[in-house]
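Enquirer: Structure in structure tokens, see below.
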Amino acid sequence: MSTRISRDELARRIAADIREGSYVNLGIGAPTLVANFLPEDQEIILHTENGLLGMGQAPDADHVDPDLINAGKQAVTALPGAAYFHHADSFGMMRGGHLDVCVLGAFQVSQTGDLANWSTGAPGSIPAVGGAMDLAIGAKAVYVMTDLLTKTGESKLVVECSYPLTGVGCVTRVYTDHAVFDVTPDGFALREAFGDNTLESLSELTGLTLAAAKEN
Amino acid sequence: MSTRISRDELARRIAADIREGSYVNLGIGAPTLVANFLPEDQEIILHTENGLLGMGQAPDADHVDPDLINAGKQAVTALPGAAYFHHADSFGMMRGGHLDVCVLGAFQVSQTGDLANWSTGAPGSIPAVGGAMDLAIGAKAVYVMTDLLTKTGESKLVVECSYPLTGVGCVTRVYTDHAVFDVTPDGFALREAFGDNTLESLSELTGLTLAAAKEN
Amino acid sequence: MIDKTVPDAETAVSGIPDGSTVMMGGFGRAGQPVELIDALIAQGAGDLTIVANNAGNGDTGLAALLAAKRVRKIICSFPRQHDSWVFDGLYRAGEIELEIVPQGNLAERIRAAGAGIGAFFSPTGVGTELAEGKEARTIEGRDYVLEYPIRADFALVSALKGDRWGNLVYRETARNFGPIMASAATTTIVQVDEIVPLGSLDPETVVTPGIFVDRVVAVGERIWLDDGTFIGGVDLEGRPVESALSEGSAR
Amino acid sequence: MIDKTVPDAETAVSGIPDGSTVMMGGFGRAGQPVELIDALIAQGAGDLTIVANNAGNGDTGLAALLAAKRVRKIICSFPRQHDSWVFDGLYRAGEIELEIVPQGNLAERIRAAGAGIGAFFSPTGVGTELAEGKEARTIEGRDYVLEYPIRADFALVSALKGDRWGNLVYRETARNFGPIMASAATTTIVQVDEIVPLGSLDPETVVTPGIFVDRVVAVGERIWLDDGTFIGGVDLEGRPVESALSEGSAR
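Here the protein sequences line up with chains V, F, X and G, keeping their order. Be aware that the first sequence starts at 7, since it is given in this note's numbering, and climbs by one per residue. Be aware that the second sequence starts at 7, since it is given in this note's numbering, and climbs by one per residue. Be aware that the third sequence starts at 7, since it is given in this note's numbering, and climbs by one per residue. Be aware that the fourth sequence starts at 7, since it is given in this note's numbering, and climbs by one per residue.
In structure tokens form, the structure reads like this:
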């Protein structure tokens with residue numbers, strides 16, 4: 007029915023919006039794919055909240071170092087120019103507003119920029135928040151990377167989140183498999199529709215009143 | 007009239023109460039003399055709040071290093087086992103209660119352990135507090151090193167300080183040229199009288215009700 | 007002479023009583039003081055409150071302590087991981103208490119305990135269920151909640167090298183919670199690969215000054231290093247790659 | 007390519023407007039960014055608020071900036087020193103505003119600005135005139151006063167070495183306020199003895215990660231070092247011992 011781009015295409019689209027020289031934290035899960043599409047001829051410095059700036063790609067099997075991991079506890083490398091620091095310093099960087107961009111997954115994003123991505127609130131589930139709440143409020147720009155719809159077809163863009171919140175009014179922009187939306191004082195604004203998606207079709211899918219984004 | 011020991015003797019007396027393995031900050035001025043009397047066969051680790059643990063003695067003239075100074079901005083050295091750190095970490099050490107002892111000068115100490123040592127409050131004087139207030143409240147034991155009397159013969163041990171306070175109820179013990187006093191819930195207790203000073207003569211000099219210190 | 011070194015892990019963890027609050031460094035397995043935890047299991051202390059980022063991985067280290075039923079409560083940011091089956095089982099059975107703290111608040115609260123801060127206004131968690139009941143305040147237009155220090159009776163920390171004064175250096179992201187936990191516990195116990203002579207750590211590069219450390223024990227070099235040089239040959243759990251492939255799971 | 011290096015001190019301090027709040031590292035002369043301050047004097051910005059530990063020494067650096075009447079207000083812990091005659095004169099003449107902050111509160115407030123803390127309860131200054139009018143609270147039996155972050159538009163910092171990403175290492179007690187001020191300013195400008203190639207600073211020993219740094223300028227090696235080795239031959243002001251003896255005073 008409507009055009010959906012792939013995870014990789016979405017990661018590439020997000021990567022295209024990250025400028026050289028940016029300090030960037032890529033959240034656990036799909037957002038880590040963005041690293042694969044950052045231009046090799048540009049320097050973009052990745053932060054991982056467990057204590058490293060200047061994170062490089064995954065090592066080959068012979069160079070797996072259990073002391074050198076990312077926030078998802080996967081093996082990584084450190085680039086020339088990297089720096090290690092302890093957890094309070096690392097979260098100070100985040101909470102102090104020093105990161106330019108973070109990219110996070112989401113269960114829901116509200117039209118006022120509230121983010122829900124850490125808990126479905128389901129009975130019996132084990133809560134685990136990690137650094138999600140710090141990332142949500144810490145970066146200068148908070149990008150969300152997500153499918154527009156849940157597997158059962160409900161919009162993840164909502165008037166108000168029904169899942170437990172991660173942060174209030176913190177999301178800058180939402181990159182979905184259908185389109186890119188800015189969070190504005192007037193709600194979601196369509197920044198870019200992929201393929202044959204339109205303002206109208208997206209309004210219908212989400213059940214939201216969408217505006218067209220202003221250029222910036 | 008009454009026995010007074012010299013500055014050096016007083017410094018030696020204080021040094022004798024500092025146990026091996028202690029972390030110690032010696033305040034600007036007379037307290038720095040204590041370092042000269044710490045036993046050479048024992049390891050006592052000196053902290054200077056401008057970012058060094060493991061401070062050593064003054065260098066000779068050929069080894070003066072402008073980057074390596076103490077809180078009094080005098081040239082010092084660093085011992086094997088030293089560590090440098092920044093100012094927030096250094097004052098965290100103090101305020102977090104990690105120092106065992108600090109030795110400070112005083113204008114006045116009250117019988118409830120209030121300390122006044124940073125300002126006489128005189129009109130036209132330029133205020134300057136430095137790290138005095140942090141040291142006063144930070145160390146596990148706060149020792150004051152001072153003459154018992156001012157140059158005009160007034161007691162520096164008082165019922166209530168008339169000079170601006172550095173810290174409230176923070177002093178553990180006062181080492182004076184006449185005697186050593188503990189600060190107790192019941193006021194000053196005479197721990198040790200030098201020479202021919204007695205509880206009675208010291209009560210007269212200070213105008214205070216003094217008790218004998220309990221052993222500890 | 008100051009000598010904070012102790013001969014073995016058993017001695018290092020001696021005197022930890024039942025009911026203690028114990029911080030454990032580590033982010034997942036990186037920097038987890040596994041040898042000290044093993045010694046703590048052998049030592050027998052129970053009814054513990056653990057402060058850590060995670061709630062154990064696989065069947066070793068913190069997970070083994072949980073499996074031995076020594077832990078009453080855990081304060082952490084992220085208990086649920088792909089290999090946290092020990093914790094998951096205890097939690098679902100109602101046999102362990104859990105307090106979830108956002109990771110940055112966890113780190114800053116530990117740091118506050120070490121630095122003598124009475125409480126601080128944090129921007130993290132505002133408006134979420136993890137801030138319910140906490141004092142809130144708007145300062146210069148930004149919303150905060152008041153967070154209090156987290157202290158401990160003991161901290162168990164893993165570092166790379168230490169000296170007899172307790173000065174420490176760490177390795178890569180295994181540093182994580184070690185320096186702040188060392189500052190926040192009454193008694194800080196550290197395992198290092200190697201104890202080096204006093205003066206051989208560069209004072210410019212000491213990460214944890216010895217003032218924060220009470221006991222140091224050498225546990226031998228991690229197997230992916232040889233005399234300080236990275237040689238690899240392990241998986242992320244630190245197991246030799248061959249045995250990991252052939253055995254499935256064992257440390 | 008990220009390149010935060012600039013060719014000279016003049017370029018480094020460009021764009022600092024009148025009325026700015028400027029942090030300056032240094033404890034006394036140690037770590038004072040003298041070359042950047044000289045360039046700021048030449049640049050001409052005035053009506054400045056300075057955040058520093060001291061209020062200048064002798065006739066150089068911060069003292070020279072004060073003498074040039076560029077400073078409206080200074081926030082510091084310890085203005086009065088044996089060689090602070092420039093500040094003393096201005097203060098007594100009512101030509102400069104002074105805000106005294108206990109040194110630990112100064113450091114922690116700067117750190118709070120960098121770390122996103124809205125305010126914190128400090129044990130320092132309780133019951134003194136420097137805490138008058140501040141919000142007080144007793145927490146677990148200890149008294150505290152509420153202290154707010156100190157931010158700046160610019161920070162001028164002196165370090166030993168830096169790379170083009172802005173990673174820094176310091177030297178001895180000249181580190182002092184540098185790392186925390188670098189984190190608390192909108193624009194952080196750093197003078198280093200030497201700019202080294204990216205990757206030549208050990209990532210384990212970087213003290214200020216480049217994320218906190220905007221501009222780096224090399225000013226040449228301090229004269230008591232030769233190719234990184236301490237050679238001495240200076241007094242505490244950094245003057246060659248011979249000229250110090252013969253001339254009395256000059257930098």
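Using N, Cα and C, we set each Cβ at its ideal position, and we do this for glycine too.
What does Leu-136/X reach in chain V if we use C-beta pairs closer than 8 Å?
Expert: Val-135 and Met-139
Enquirer: Which runs of the alpha helix (DSSP H), 4 residues or longer, sit entirely within the segment 138-212 of chain X?
Expert: Listed in chain order, the complete alpha helix (DSSP H) runs (minimum 4 residues) inside the segment 138-212 of chain X are 184-190.
Enquirer: Are the segment 199-212 of chain G and the segment 164-176 of chain G touching by the rule of at least three beta carbon pairs closer than 8 Å?
Expert: yes
Enquirer: Under 7 Å between C-beta atoms, does Glu-49/V make it to chain G?
Expert: Yes, because at least one Cβ of chain G sits closer than 7 Å to the Cβ of Glu-49/V.
Enquirer: Within the chosen definition, does the segment 145-155 of chain F reach the segment 171-184 of chain F through at least 3 CB pairs nearer than 8 Å?
Expert: The answer is yes - the segment 171-184 of chain F touches the segment 145-155 of chain F, with three or more Cβ pairs under 8 Å.
Enquirer: Which residue's Cα is closest to the Cα of Ser-83/X: Gly-205/X, Val-223/X and Asn-111/X?
Expert: Nearest option by C-alpha distance: Asn-111/X.
Enquirer: Hey, how far is the Cα of Ser-12/F from the Cα of Thr-38/F?
Expert: 15 Å
Enquirer: Just to confirm my understanding: we take Lys-79/X, look at its own chain, exclude 5 residues before and 5 after, and list those with CB closer than 6 Å. What are they?
Expert: Thr-55 and Glu-103
Enquirer: Alpha carbon to alpha carbon, how far is Val-107/V from Lys-157/V? Give it in angstroms, no decimals.
Expert: Near 28 Å, if we compare the C-alpha coordinates of Val-107/V and Lys-157/V.
Enquirer: Measure from the C-beta of Pro-246/X to each C-beta in chain V and report whether the shortest distance is under 7 Å.
Expert: no
Enquirer: Buried or exposed for Met-269/X, going by 16 or more other Cβ atoms inside 10 Å?
Expert: With chain X running from 7 to 257 in the structure shown, residue 269/X is simply not present.
Enquirer: In this structure, does DSSP put Gln-114/V in helix, strand or coil?
Expert: Strand.
Enquirer: Check whether the Cβ of Arg-25/V lies closer than 7 Å to any Cβ atom in chain G.
Expert: When Cβ-Cβ separations below 7 Å define contact, Arg-25/V makes no contact with chain G.
Enquirer: Ordered along the chain, which non-local residues of its own chain (more than five positions away) have a Cβ less than 7 Å from that of Gly-103/V?
Expert: Gly-144 and Lys-146
Enquirer: If we count Cβ pairs, one from each stretch, closer than 8 Å, do we get three or more for the segment 183-200 of chain F versus the segment 83-99 of chain F?
Expert: Counting Cβ pairs under 8 Å, fewer than three are found: no touch.
Enquirer: For Ala-6/G, I'd like the list of residues in its chain whose CB is within less than 6 Å of its CB, leaving aside the five on either flank, ordered along the chain.
Expert: Past the boundaries of the shown model lies residue 6/G; chain G is included only from 7 to 257, so the question cannot be answered.
Enquirer: Which residues bound the alpha helix (DSSP H) around Val-107/X?
Expert: Here Val-107/X belongs to no alpha helix (DSSP H), and DSSP marks it neither H nor E.
Enquirer: Run down chain F in chain order and give the residues with a C-beta less than 9 Å from the C-beta of Gln-197/G.
Expert: Per Cβ cutoff of 9 Å: no residues; Gln-197/G is ~14 Å from chain F at best.
Enquirer: Give me whichever residues DSSP pairs with Asn-31/F in a beta bridge.
Expert: Paired residues: His-53/F and Cys-108/F.
Enquirer: Just to confirm, is the Cβ distance from Pro-108/G to Asp-140/F under 7 Å?
Expert: yes
Enquirer: Residues of chain F with CB closer than 7 Å to the CB of Gly-133/G, please, in chain order.
Expert: Leu-171 and Val-174
Enquirer: Taking only beta carbons into account, state which residues of the segment 85-98 of chain V come closer than 7 Å to chain G, listed in chain order.
Expert: Pro-86, Gly-87, Ala-88, Ala-89, Tyr-90, Phe-91 and Gly-98
Enquirer: Where does Gly-62/F sit, in a helix, a strand or coil, going by DSSP?
Expert: It is a strand residue.
Enquirer: Round the Cβ separation of Glu-200/G and Ala-224/G to the nearest angstrom and send it over; I've been treating them as touching at under 8 Å.
Expert: 6 Å
Enquirer: Cβ of Leu-171/V within 7 Å of Cβ of Asp-120/V?
Expert: yes
Enquirer: Does Glu-210/X get closer than 7 Å to chain F when you measure Cβ to Cβ?
Expert: yes
Enquirer: Any chance the segment 59-66 of chain X sits against the segment 27-42 of chain X, with 3 or more Cβ pairs inside 8 Å?
Expert: yes
Enquirer: Looking at chain G, which residues of the segment 97-114 of chain F have a Cβ within less than 7 Å of any of its Cβ atoms?
Expert: Phe-97, Met-100 and Arg-101
Enquirer: Determine the burial state of Glu-206/V: buried for a count of at least 16 other Cβ atoms within 10 Å of its Cβ, exposed for fewer.
Expert: exposed
Enquirer: Are there 16 or more other CB atoms within 10 angstroms of the CB of Ser-264/G, so buried, or fewer, so exposed?
Expert: The structure shown has nothing for residue 264/G, since chain G only spans 7 to 257.
Enquirer: What are the start and end residues of each continuous beta strand (DSSP E) run of 3 or more residues lying completely inside the segment 114-161 of chain F, in chain order?
Expert: 114-116 and 147-152
Enquirer: Rounded to whole angstroms, what is the Cα-Cα separation between Thr-118/V and Leu-196/V?
Expert: 14 Å
Enquirer: Is there a C-beta anywhere in chain X that falls below 7 Å from the one on Leu-52/F?
Expert: no
Enquirer: Measure the C-alpha to C-alpha separation of Phe-218/X and Pro-185/X and round it to an integer number of angstroms.
Expert: Looking at the two C-alpha atoms, the distance is approximately 9 Å.
Enquirer: What is the rounded straight-line gap between the Cα of His-92/V and the Cα of Tyr-29/F?
Expert: Going by the C-alpha atoms only, they are around 24 Å apart.
Enquirer: With DSSP as the reference, label Asp-94/X as helix, strand or coil.
Expert: helix
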